[in-house]
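Here's the structure, in structure tokens; my notes come after.
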Amino acid sequence: MPSQRQKNKNEARRNILREGNVEAAAAITYETRKTVTRNGRVKTKKYAVALEREATEPTAGPSAPIDMVPENEDDPFHNMDLDVDDSVLEPKTRKTQRDYILQFVERVNDLLGALLSRESLRPELSECIHCASKLRAILHARDTPRQSYAQNSMVDRFPFPQSRALGTLHVGDADTTTAFTESIPTADGLNNSYVRVVHTNGLHHLAMVSCSCRGANILPLDLMASRLVPTSFYHVCTLFSAQMLDFFRLSNLELKASAYQFYNLLRRITNPIAPSSVVDLYNEFCRMTRLWRWMKKLKWAGFAGHNGKQATEVRKGELANYCPACPQVGVNLPDNWKDDPNRWVYKRIFVADGNFKADHVQTEKPSQDIWLSEGGGMIPLRAEYDSFLKHAIERLTGAPCENTFKAIKNALIASSACDITGIVAFACARHGCFAPNSMADLFKGEQQKNVDFSFLMALASTLVHPDQGAMVIYDIICQYFIYLLQRIGHLLPPGLQLDRAIGMFHVHAHKDECFFRYAPTFIPGAATVCGEILESLWSNLNPISRAARTAMLAHRAELLDDHACDSNHKKALGIWKYLSKQFVEADLHRERFHSCFLKVSAAAGPDTVDMWTRQIENAEAERLDNPKVMDVYAAKRLAEIGDGRDISAETQSVLVRPRSVVESWLEFALLVEEKQLDIRIRTRRLINEDRIDDRDKMNKLREELATEMTQLAHLQGLAGVLQISGQSVIVPDQPLDIWEDGDDIPTRPVAGELNNDIHLHLLCLPSNGNCSDRYNNAKLEARIKQATDGDDIPTRPVAGELNNDIHLHLLCLPSNGNCSDRYNNAKLEARIKQATGHLDQIRELIAEKSFLYSSVYRDAPNKGVRTRAQTTIKAANHKISFHSQVYTHCRTRLIRLGADNITLRKLRVLKKEDVCGSTMILNPNLAGSTTLRLSWIWHSVSQRLLPRMRGKNADPSAAPNSGEDEGDLSMEEETDPMTILELVVKRVHWLRSRAQFKRWDEEKMLVSYEMQWTVAYFINKSRWWKSTATGPGRHPALMRPGLVAYAHRQSDLWHQLAIIADQSYQRSNPNYKSM
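Taking the numbering used here as reference, the numbering of the sequence shown is continuous, increasing by one, and the terminal residue is 1076.
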């Protein structure tokens, strides 16, 4: 048990006055002070006041660290009554993370100045004395010997540097393996209190001595100048070294290490045997990494005193850099850029995409965190974003293609666990640099209004001039672009011309027409951009998104912003190497595709090439207003393109023309007739494949047909068409089973099949015209008796009878002979149009079936793919069977309507061998193709595709005359189908080779311009930093040396990048003009 004398010595050491204490004689008075314990309790104690001092100064060491240190019994400061001076006692006994961050934000401008105070310019020593690099010695630290070192040879010789106002920081006597045991002293032999220092090699307890001559508020600035960042300003007990914070930031950027993982690493380094015994400073570590990341961004953007602004005056996008190779007015473009004849090179190309990996888990309590860099980098201002969403217009529409966009539909499903379902961003499509302020959160899937806001921010932050124009590459641009101008047209820069495209990866998931209309390969001015560069950027961002999904919203935004800004920074550092390599590749590919293009042009002939050139140039000129004209690239739509005019627009104008009631009745009747044939074919298929789904489909089709029959009767009444009974003439069609595949329909009826269709059999009767006329009188008497006896025939159909046999009803049509002949001409034109349309469908299906056989079924890697290919082929066979049956039905009706021989020679009898698939359609160069002759259905494509075949002296662009039909028919009969097919293939090859050559030619020219813009961007940055130190109104003598030194260092950094890029471009591009 300790003696009374030992107690008195302990109390004397703590300067506490007690009654009966012999040391009290040395004091003439005492004062009462309040103390706060770790548990938040306030105690009153008496302190002796010596005669030679007026008041007790607060200790600047680790006394009373009211920091957010967790309750840990292993902590040597745990449960100690820590003394706090009443003059510096905070009103709150327990601070939060928000309080400490606010303290830091209030003093960030002073801290930035202190951070740069260790840098100084040494004009008397212009070269480094440590290495032979002959670099300027800009950086000089006060804690180093009085020598100058170049930036690349500067080393950290001292793990814990000193400040002029800071005493020695040294490691205590205890070994690091026992650094956090109960034997750790709280002060050294001179009663200097210990502080925690978190460095790259672990946590340390160091004794710190400071001078308070200039005031207690100077201590945090002195620590910052010594590259030590304090966690608090009033009671310093924990310091984080700048080297450790920089190392963690790089580990987070490159290794995707989270703060939790990195701090556990520090604990293991500190005490490998018992890492759990190391004090847990995870909360403080997260806070300081956020603040340090923010300070680095402010320093790099010139907010440490270079641009004359405070840290709280950051405007949108000022903390981020954009692509140095993109044309930016006022940054890297000359003043006379509008006079350049190659104006298309200045078009800005953006790519947009959503990322649903970067979601955020909803917290139980609302976030009260401090947003540090909001709006300054890639993340937009929350208030501006929310205001836009409240008034945004959302116009949903079905995509022109038949794609269902399942990814977006799944993303639209709201999640109760996440308040943010992902992000959407815009980036430079050619180089992959994120556009500042364009990384917006998604709250319920990838909605149009989210992408609209991101697009507007990208245009504003990247300084897009209206005369430049812009192109947007988006996965679903065919849907997104329809009402874009109606949604945000009033917010776009006036006069800005917008183009659109779909990335080369996603465009193949759309319909074929989208490939020719929106693929960058066929868009003039797009060069060889792929449009999928954001996918690679997301792959680098996804690993950190998992760690950020549970962070506070502000911390998550700062993490994503830092990674996006760092991505742009790495792109800027390596852009010179990429452009040098890209120019060499573009030059090589341009020459190769140019050679191929010349060969294909020579094989096609000059007249045909002139015609094709006019076609594609006209289509490219009208593409922005009507993307359908780009269907000229499609082989299966060439017959509809003609001489390059917009046939679809002409067809649309015809459809807009008011139609007569008779025409409407005839067209609708043909549709009803086709549905009747479809039901007949499906009914026959039920013989072998009697499935419940098929029967349900049949019942649904019958119900739809019944409704359409009612509408047809109404249209027939409006047209005034009367049905004439007794004049129906049956023109027999070909049997239904002739068009079916052998595996689907048996060659002869199976048991019961005859009975199923027995009501369709034509009996041998004089009235049916299939027996001798000598039985007419007897048959007439029998018919009269049948008409007078009505007991066996119901007066009207029973319920359900009409729908079951509705597909057998004979419609009132001129071709059926049960209406007036005055409608024959109109019906003839409608039948010809119907037959031609189904013949085109047959061609497309045969080509598709041939492709499935050659490229999918035969090359299937496994049984599953082969089975799916068989199912698809079977569906194609059913479609071919249907269109063939409808075509045959149309031709028989054309005969009934009295079609001329020219029409019947164009629309010949279709046989089953005419619709067989063949790989020759896709590859006419196979062995044995010279002896193979294709069906007559492939002859009709030559008349409109190859006008030079009508005559050797004919104008290729002239339309065929009305009297050329006979010649065309004779020509088609005499021309080898393989010759026609070869010219069709050459046309497609010529268009594709021209597109490839044009894009690589544009790529070479565009890369040459980007070389100039990159160097101009680096020079502009160098000049800006130099002007911050020596510009107008800024005298170096009036500025702090650290600010001037840092400005010169940044200026030299950008200048060195410009020199490296300029030299690399001179080696790779002989026509490059050095800047």
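For each residue, glycine too, the CB sits at the ideal point set by N, CA and C.
Inclusion of A587 and K1005 in the CB contact set at 8 Å is warranted, their separation being smaller than that value. The beta carbon of F517 lies closer than 8 Å to those of F523, M631, D632, V633, Y634, A635 in the same chain, with the five residues before and after it left out. Contact between N202 and K358 is ruled out by a C-beta separation of about 35 Å, above the 8 Å threshold. Residue range 349 to 356 is occupied by the beta strand (DSSP E) that includes D354. Taking C-alpha positions only, L580 is separated from C429 by approximately 15 Å.
DSSP, reduced to helix, strand and coil, places H990 within a helical segment of the structure shown. When C-alpha distances from L246 are compared across F234, C238, L267, the shortest belongs to L267. Residue burial annotation: E314 is exposed, with fewer than 16 other C-beta atoms found within 10 angstroms of its C-beta. Residue pairing for Y195: DSSP places it in a beta bridge opposite A208. Along the region 805 to 840, the alpha helix (DSSP H) does not occur as any fully enclosed run of 4 or more residues. Secondary structure remark: continuous beta strand (DSSP E) runs of at least 3 residues inside the region 313 to 382, in chain order: 349 to 356. A check of alpha carbon separations from S278 across N265, I102, V663 identifies N265 as the nearest. Assigned with DSSP and collapsed to three states, K512 falls in coil, not helix or strand. Relative to the Cα of R99, the nearest Cα in the group S368, G306, C212 belongs to S368. In this structure, N451 places its C-beta atom within 8 Å of the C-beta atom of A441. Between A548 and the set N1070, R867, H361, the nearest pair of CA atoms involves H361.
Ranking D370, E536, T529 by CA distance to the CA of A558 puts D370 first.
Beta-carbon to beta-carbon, C434 and N308 are separated by about 22 Å, too far to satisfy the 8 Å threshold. Within 10 angstroms of the beta-carbon of T33 lie fewer than 16 other beta-carbons, which makes it exposed. Apart from sequence neighbours up to five positions away, the residues of its chain that approach C566 with a beta-carbon distance below 6 Å are A321, G378, ordered along the chain. By the 16-neighbour rule on beta-carbons within 10 angstroms, Y1018 is buried. Per the DSSP secondary-structure output, C531 pairs with nothing in a beta bridge. Check the Cα spacing between P328 and each of E319, R431, T232, S374: the tightest is with R431. The Cβ atoms of L1054 and G306 do not sit closer than 8 Å to each other. The way I'd put it, the region 710 to 725 does touch the region 666 to 674; three or more beta-carbon pairs between them come closer than 8 Å. Just so you know, the alpha carbons of F454 and I503 end up roughly 20 Å apart. N272 is classed as buried because its beta carbon has at least 16 other beta carbons within 10 Å across all chains shown. When secondary structure is reduced to three states using DSSP, P276 falls in the helix class. Put simply, of H491, S602, Y323, F482 the residue whose alpha carbon is nearest the alpha carbon of A573 is Y323.
Within its own chain, the residues whose Cβ lies closer than 6 Å to the Cβ of V198, once the five positions on either side in sequence are excluded, are H205, L207, L240, listed in chain order. Taking H556 as reference, the option from M612, S596, D608, A260 with the minimal CA-CA separation is A260. For A558, the enclosing alpha helix (DSSP H) stretches over residues 554 to 605. Collapsing the DSSP output to three states places G470 in coil. Here H715 is exposed, its C-beta having fewer than 16 other C-beta atoms within 10 Å. If you draw a straight line from the Cα of E533 to the Cα of I896, it is about 55 Å long. Proximity to A528 across M505, A510, E536 peaks at M505, based on C-alpha coordinates.
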